[in-house]
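In the working numbering, the protein residues as written are 32 to 372.
This report concerns only the one structure given below.
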Ligand code: 5GP
Ligand code: MN
């Protein structure tokens with residue numbers, strides 16, 4: 032903590048990066064840090080690799096964020112004069128796409144604050160705590176060590192990440208200290224009920240119908256391994272006027288059944304030019320999400336079969352090629368990893 036703080040103290044232009052397809056914890060931890068370093072009088076810029084979903088656009092400071100794939104030259108202009116980079120909620124430059132290659136060429140110090148397993152060795156100082164509920168929890172601890180007076184903006188950002196990375200405190204949320212933090216965040220002005228509403232109750236009617244379609248028409252159940260699989264082609268997404276973020280949370284829903292212990296969700300997407308270049312020109316990217324209950328890790332499966340990773344009960348991966356091939360790859364492998372009890 033102290034080392035991290037002394038790097039921040041000595042910096043003037045701070046670039047803050049977070050992972051691709053930013054979620055509530057990615058946005059919360061990067062923006063929480065952003066508001067903190069701004070309060071110290073530093074120049075700061077949050078840069079995300081690609082767009083964040085609309086349901087996070089209300090977050091304090093979100094309108095100041097630069098999106099690297101759409102605002103590359105503006106982002107590069109800041110990065111080139113940065114004298115410190117802070118990476119939040121990811122632990123491997125690969126998780127930020129082309130921004131990662133850019134970062135590795137920089138000579139300024141790099142800090143990492145994260146809660147994923149197996150950090151890559153790229154940072155000059157890091158806080159890596161896989162037991163933590165969220166990166167926001169770790170940012171909170173950094174700011175407490177600094178005796179930071181929490182502003183409403185900081186509290187709102189950090190609460191958002193704590194809430195989203197624990198499914199509104201329904202998993203990964205048994206560490207007692209997080210409830211002490213929540214009390215402090217609310218005391219500092221975070222409106223937990225309003226934040227819940229802003230994040231979870233802002234979907235379009237199309238998205239609500241998409242959920243119905245997924246569960247009624249698309250969910251395949253493999254009873255022996257207590258596993259549910261849902262996959263959606265681009266054609267199906269188009270039918271429901273799919274917007275970024277609309278798939279959020281669908282993967283968790285099959286777990287509402289007492290008979291489902293593992294849930295897998297796949298969605299067909301277009302590979303970016305950079306991803307195509309790295310994958311032999313294949314245009315189709317399949318994004319996969321894995322969820323499980325209890326002592327049934329899915330991150331090893333995600334890593335070994337779908338070039339991904341994540342947490343024991345919430346992981347993700349990707350596949351380059353047609354959707355039926357991704358489904359087949361899943362079917363060929365899951366029984367080796369998923370438990371029958
Ligand atoms: P989601 O299913 O919400 O996209 O991702 C769940 C978690 O899995 C994320 O918080 C992240 O830790 C991890 N994850 C998702 N996609 C990938 C990926 O492509 N690579 C790695 N290493 N981790 C991923
Ligand atoms: Mn996180």
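For each residue, glycine too, the CB sits at the ideal point set by N, CA and C.
- In the DSSP assignment, residue 70 falls within the alpha helix (DSSP H) that extends over 55-70.
- Put simply, the region 157-177 does not touch the region 83-100. Fewer than three CB pairs are less than 8 Å apart.
- In this structure, DSSP gives residue 340 an extended state, which the three-state scheme calls strand.
- Closest by C-alpha distance to residue 368, out of 293, 341 and 358, is 293.
- Within the region 227-272, the alpha helix (DSSP H) runs of at least 4 residues that lie entirely inside it are, in chain order, 236-244 and 265-270.
- For the ligand 5GP, a non-hydrogen atom lies closer than 7 Å to the CB of residue 349.
- The ligand 5GP never approaches residue 204 closely enough for any of its heavy atoms to be under 7 Å from the residue's Cβ.
- Per DSSP, residue 165 has no beta-bridge partner at all.
- Counted as a single uninterrupted DSSP element, the stretch harbouring residue 217 is not any beta strand (DSSP E) but the alpha helix (DSSP H) occupying residues 208-218.
- Note that the region 102-121 touches the region 132-147; at least 3 beta-carbon pairs, one per stretch, sit closer than 8 Å.
- Annotated three-state conformation of residue 202 is coil, per DSSP.
- Residue side-chain check: residue 54 places its Cβ nearer than 7 Å to a non-hydrogen atom of the ligand 5GP.
- Within the region 314-365, complete beta strand (DSSP E) segments of at least 3 residues are found at 315-323 and 345-351, given in chain order.
- In the three-state scheme derived from DSSP, where H, G and I count as helix and E and B as strand, residue 46 is classed as strand.
- Closer than 7 Å to some heavy atom of the ligand 5GP: that does not describe the Cβ of residue 198.
- Taking every protein chain shown into account, the CB of residue 176 has fewer than 16 other CB atoms within 10 angstroms, so this residue is exposed.
- Here residue 101 is exposed, its C-beta having fewer than 16 other C-beta atoms within 10 Å.
- Counted as a single uninterrupted DSSP element, the stretch harbouring residue 117 is not any alpha helix (DSSP H) but the beta strand (DSSP E) occupying residues 115-119.
- Inclusion of residue 146 in the 7 Å shell around the ligand MN follows from its C-beta lying nearer than that to a non-hydrogen atom of the ligand.
- In the displayed model, residue 301 falls within a strand according to three-state DSSP.
- 250 is the residue among 269, 250 and 212 whose C-alpha sits nearest the C-alpha of residue 260.
- Listed in chain order, the non-local C-beta contacts of residue 307 below 7 Å within the same chain comprise 313 and 314, local neighbours out to five positions each way being set aside.
- Counting C-beta atoms within 10 angstroms of its own C-beta, residue 80 has 16 or more neighbours from the protein chains shown and is therefore classed as buried.
- When only Cα atoms are considered, residue 335 and residue 145 end up about 22 Å apart.
- By alpha-carbon distance to residue 44, the top candidate from 107, 57, 91 and 55 is 107.
- Taking a cut-off of 8 Å for Cβ pairs, the region 44-58 and the region 70-77 touch, as three or more such pairs fall below it.
- Taking C-alpha positions only, residue 119 is separated from residue 133 by approximately 16 Å.
- For residue 266, the closest alpha carbon among the candidates 256, 33 and 301 is that of 301.
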